[in-house]
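Colleague: In our numbering, the protein residues as written are 15 to 118.
Yeah, the Cβ is synthetic: ideal placement off N, Cα and C, and Gly gets one too.
All values reported here derive from a predicted model rather than from experimental measurement.
Mind having a look at this structure? Questions to follow.
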Ligand SMILES: [Zn+2]
């Protein structure tokens, strides 16, 4: 489903530095117009609060979509238990998204 603009957007998150890299990658892709921010998923917090790549709380959960092919991407990680997470293409958003925007 992904197109040539977004197929490289994926990352397995195992350690905090992976999460930092994933956040900064997404931020870059939003800034260059590849990704569009959709909102915050369950238990997550607005992406603009964590876009420096640090300062996240127990859960990171944000949704984005490719501006070209509309593929949906989810960045999620459970930071408290250290079980990690991933940045990956998903079929659909889950739950009700927070009505936040990025950039502010
Ligand atoms: Zn795409």
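Using three-state DSSP, classify residue 105 as helix, strand or coil.
Modeller: Residue mapping note: residue 105 aligns to position 91 of the chain shown, counting from 1. Reduced to three states, the DSSP call for residue 105 is coil.
Colleague: Are the beta-carbon atoms belonging to residue 104 and residue 86 less than 8 Å from one another?
Modeller: By 1-based counting over the chain shown, the position of residue 104 is 90. By 1-based counting over the chain shown, the position of residue 86 is 72. The answer is yes: Cβ separation under 8 Å.
Colleague: Residues in its own chain within less than 7 Å of residue 67 by CB, not counting five upstream and five downstream?
Modeller: For this step, residue 67 is matched to residue 53 along the chain shown. If we look at residue 67 and ignore the five residues flanking it on each side, its Cβ neighbours are 34, 37, 38.
Colleague: Can you name, in chain order, every residue of its own chain whose Cβ lies under 7 Å from the Cβ of residue 91, other than the five neighbours on each side?
Modeller: Taking the first residue of the chain shown as 1, we reach residue 91 at position 77. So the list reads 27, 33, 74, 98, 99, once near-sequence residues are dropped.
Colleague: Could I get the ranges of all uninterrupted alpha helix (DSSP H) runs contained in the region 34-70, with 4 residues as the minimum, in chain order?
Modeller: Here the runs fully enclosed are 61-64.
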